[in-house]
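Asker: In my numbering, the protein residues as written are 27 to 424. Where a beta carbon is used, it is the ideal one built from N, C-alpha and C, also for glycine. Since the model is a prediction, treat every value here as computed from it, not as a measurement.
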Amino acid sequence: TAELPDRTQVLVIGMGQAGLSAAHHLRRRGFDTEDRLLLIDENPGPGGAWQHRWPSLTLETTNRVSDLPGWGLREALDVDAAVPAALTVPRYYGRYERRYGLRVHRPVTVERVTQPGGPGTDFLATLTAPGGAAPATVRAQAVVSATGTWDRPRRPYVPGLEGFHGRVLHSHDYTRAEDFRGARVLVIGGGISAIQHIEELASVAEVYWAARSRPDIREEEFTPEYGQAVIARVEERVRKGLPPGSVVSNTGLPRGTAAAATLCTLPACMPMFDRVGQNEVVWTGIADAAHVGRQDPRGAETVAYDWGRVPASGRLGIDVLLWATGFLHRLDHLAPLDLRTPEGGIVMDGRRATRVAANHGLQLPGYGPSASTIGANRAGRAVAREIEEYLERITPSQ
Ligand code: FAD
Numbered sequence: 027t028a029e030l031p032d033r034t035q036v037l038v039i040g041m042g043q044a045g046l047s048a049a050h051h052l053r054r055r056g057f058d059t060e061d062r063l064l065l066i067d068e069n070p071g072p073g074g075a076w077q078h079r080w081p082s083l084t085l086e087t088t089n090r091v092s093d094l095p096g097w098g099l100r101e102a103l104d105v106d107a108a109v110p111a112a113l114t115v116p117r118y119y120g121r122y123e124r125r126y127g128l129r130v131h132r133p134v135t136v137e138r139v140t141q142p143g144g145p146g147t148d149f150l151a152t153l154t155a156p157g158g159a160a161p162a163t164v165r166a167q168a169v170v171s172a173t174g175t176w177d178r179p180r181r182p183y184v185p186g187l188e189g190f191h192g193r194v195l196h197s198h199d200y201t202r203a204e205d206f207r208g209a210r211v212l213v214i215g216g217g218i219s220a221i222q223h224i225e226e227l228a229s230v231a232e233v234y235w236a237a238r239s240r241p242d243i244r245e246e247e248f249t250p251e252y253g254q255a256v257i258a259r260v261e262e263r264v265r266k267g268l269p270p271g272s273v274v275s276n277t278g279l280p281r282g283t284a285a286a287a288t289l290c291t292l293p294a295c296m297p298m299f300d301r302v303g304q305n306e307v308v309w310t311g312i313a314d315a316a317h318v319g320r321q322d323p324r325g326a327e328t329v330a331y332d333w334g335r336v337p338a339s340g341r342l343g344i345d346v347l348l349w350a351t352g353f354l355h356r357l358d359h360l361a362p363l364d365l366r367t368p369e370g371g372i373v374m375d376g377r378r379a380t381r382v383a384a385n386h387g388l389q390l391p392g393y394g395p396s397a398s399t400i401g402a403n404r405a406g407r408a409v410a411r412e413i414e415e416y417l418e419r420i421t422p423s424q
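1. In whole angstroms, give me the CA-to-CA distance for Ala379 and Gln35.
2. Excluding the 5 residues preceding and the 5 following Arg55 in the sequence, name in chain order all residues of the same chain whose CB lies nearer than 6 angstroms to its CB.
3. Met296 to Val307, Cα distance in whole Å?
4. Please name the residue or residues paired with Gln389 in a DSSP beta bridge.
5. What residue range is occupied by the uninterrupted alpha helix (DSSP H) comprising Tyr122?
6. Use the C-beta contact count for Ala112: other C-beta atoms within 10 angstroms, 16 or more gives buried, fewer gives exposed.
7. Could you round the C-beta distance between Ala231 and Gly208 to whole angstroms and report it? I think they count as a contact, below 8 angstroms.
8. Does DSSP classify Gly343 as helix, strand or coil?
9. Nearest to Gly352 by alpha carbon, out of Leu390, Ala405, Arg407 and Ile221?
10. Mind checking whether Pro10 and Arg301 have CB atoms under 7 angstroms apart?
11. Helix, strand or coil, according to DSSP, for Val260 in the structure here?
12. With burial defined as no fewer than 16 other Cβ atoms inside 10 Å of the residue's Cβ, what is the status of Tyr183: buried or exposed?
13. Counting Cβ pairs, one atom from each stretch, are 3 or more of them under 8 angstroms apart for the stretch 254-261 and the stretch 270-284?
14. Could you check what DSSP says for Ala446 in three-state terms: helix, strand or coil?
15. Mind checking Asp67: buried by the 16 CB within 10 Å criterion, or exposed?
16. With a threshold of 16 other CB atoms inside 10 Å of the CB of His317, please say whether the residue is buried or exposed.
17. Which same chain residues, not among the five before or five after Pro362, have their C-beta less than 6 angstroms away from its C-beta?
18. Return helix, strand or coil for Glu137, following the three-state DSSP convention.
19. Just list the beta strand (DSSP E) runs in the stretch 223-276, keeping only unbroken ones of 3 residues or longer that don't cross its boundaries, in chain order.
20. Name, in chain order, the residues that DSSP records as bridge partners for His131.
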């Protein structure tokens, strides 16, 4: 932290897609020295969360990684779509940073952000770096917090979990199917990650699937209009201060996507179990209500999905519990600002619902409606414009 300036106009925390896009647009508006724009990231290298994705996630199996503003992935690199995204995307982001002269201080963690004088006044950020150097404080007029979700895997609690003798892990910690050879693996979750894990594990392991609600296959195909409608719904939620909701609860599994097409090849999804034993999961009282069913998403008139039957005994022996239950936004460093609504969300407004309403010097690209590479990318432009307008408002003209 030694070379960090002690003050700047705009502090950007997190250099994934959202932070890079915001930094790019701020640079274009003349924020080109560190007393105007300071970039911080906790990771040791470029790539945001992409440097940690599991090796079998490639550009072929991702939804789509959107280009950063001004210089696309395929302009920057010869892309081999079969290479892990954990290599390709960090390489792209690294080249992007160098091309645009974006100097990122890393690995540096922003531990907390305060605003002692209240909305409209300076922020104070406390930063630490590995190695035990004393924390540094940076004063900033505006903060862009683009900290993503990767570091906050959502790991639900089920009674008995602490007594389970098998292995428990989350998609966050998943490496490769081979590590599960011969094991009985229960994958939990209703989204794309769960489907990808099951498909991959099926060749080496005995795989089962459970989810809190039925896989939500939609009648519609995924089109740009479908994507826009999803974003509009999430925007509406965050404008009311509601939590944005999980990715799959917002997008469902639109017909025609790889995930929906794969469904008919997977084991039928069982309802969520009620407790965990030493070597098993247990359903209590719902076995009778569940019924057998496999849907055929290819051309079927109805895309209703019936639950798979839970074992008649109400018990299923397993060795591994794999949570594919998504991620929450990483916002712990903002806790001192007391932004949470009673519903657990944050009230957002602005052009792309990236701005914290009561606190206009703070922007959260990558949160809620902009939590995708395309959303984060678009948010960057709005963030830069709104920050510039904000700084003009709070700085008296000479
Ligand atoms: P990140 O890429 O997570 O970057 C945040 C950065 O902030 C990280 O480098 C982190 O170290 C840093 N940071 C966090 N907290 C601090 C702190 N306190 N101090 C300093 N630095 C900090 N979206 C798509 O559009 N297409 C896809 O195909 C796709 N696939 C996905 C697959 C998986 C498995 C997951 C989990 C998500 C996927 N997403 C996908 C969503 C994806 O996370 C976003 O699209 C996007 O990459 C997130 O960018 P971001 O900049 O918001 O966050």
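Answerer: Quick answer:
1. Position 353 of the sequence shown, counted from the start, is the residue given in the question as residue 379. Position 9 of the sequence shown, counted from the start, is the residue given in the question as residue 35. Each residue's Cα considered, the two are about 22 angstroms apart.
2. Mapped onto the sequence shown, residue 55 falls at position 29. For Arg55, the CB contacts under 6 angstroms within the same chain, skipping 5 residues up- and downstream, are Ala410 and Glu414 in chain order.
3. Within the sequence shown, residue 296 is the residue found at index 270, counting from 1. Within the sequence shown, residue 307 is the residue found at index 281, counting from 1. Their Cα atoms are separated by approximately 12 angstroms.
4. Stepping through the sequence shown from its first residue, residue 389 is reached at position 363. DSSP lists Val170 and Arg381 as partners of Gln389.
5. Your numbering for residue 122 matches position 96 in the sequence shown. Tyr122: member of the alpha helix (DSSP H) spanning Ala111 to Arg125, first to last residue.
6. For the purposes of this step, residue 112 is identified with residue 86 of the sequence shown, where counting begins at 1. Buried: at least 16 other Cβ atoms inside 10 Å.
7. Counting from one through the sequence shown, the residue named residue 231 turns up at place 205. Counting from one through the sequence shown, the residue named residue 208 turns up at place 182. With 8 angstroms as the limit, Ala231 and Gly208 qualify as a contact, their Cβ atoms being about 7 angstroms apart.
8. Locating residue 343 in the sequence shown gives position 317, where the first residue counts as 1. Gly343 falls in the strand class under three-state DSSP.
9. On the sequence shown, residue 352 is found 326 positions in, with the first residue counted as 1. The shortest Cα separation from Gly352 among Leu390, Ala405, Arg407 and Ile221 belongs to Ile221.
10. There is no way to answer for residue 10, as the model of the chain reaches only from 27 to 424.
11. Your numbering for residue 260 matches position 234 in the sequence shown. Reduced to three states, the DSSP call for Val260 is helix.
12. On the sequence shown, position 157 is the one that residue 183 refers to. Counting C-beta atoms within 10 angstroms of its own C-beta, Tyr183 has fewer than 16 neighbours from the protein chains shown and is therefore classed as exposed.
13. Touching, yes.
14. It is not possible to answer for residue 446, since the shown part of the chain is limited to 27 through 424.
15. Taking the sequence shown and counting its residues from 1, the one referred to as residue 67 is at position 41. Looking at its Cβ environment, which holds 16 or more other Cβ atoms inside 10 Å, Asp67 is buried.
16. Here residue 317 corresponds to residue number 291 of the sequence shown, with the count starting at 1. Only weak support is given to the placement of His317: the predicted model assigns it a pLDDT of 41, under 50, and the question is left unresolved by the model.
17. What you label residue 362 is simply residue 336 of the sequence shown in a count that begins at 1. Within its own chain, the residues whose Cβ lies closer than 6 angstroms to the Cβ of Pro362, once the five positions on either side in sequence are excluded, are Arg138 and Thr140, listed in chain order.
18. In the sequence shown, residue 137 corresponds to position 111, counting from 1. Here Glu137 sits in strand by DSSP.
19. Those beta strand (DSSP E) runs which fall completely within the stretch 223-276 and span 3+ residues are 232-237 and 243-247.
20. For the purposes of this step, residue 131 is taken as the residue at position 105 of the sequence shown. Ile66, per the DSSP bridge assignment.
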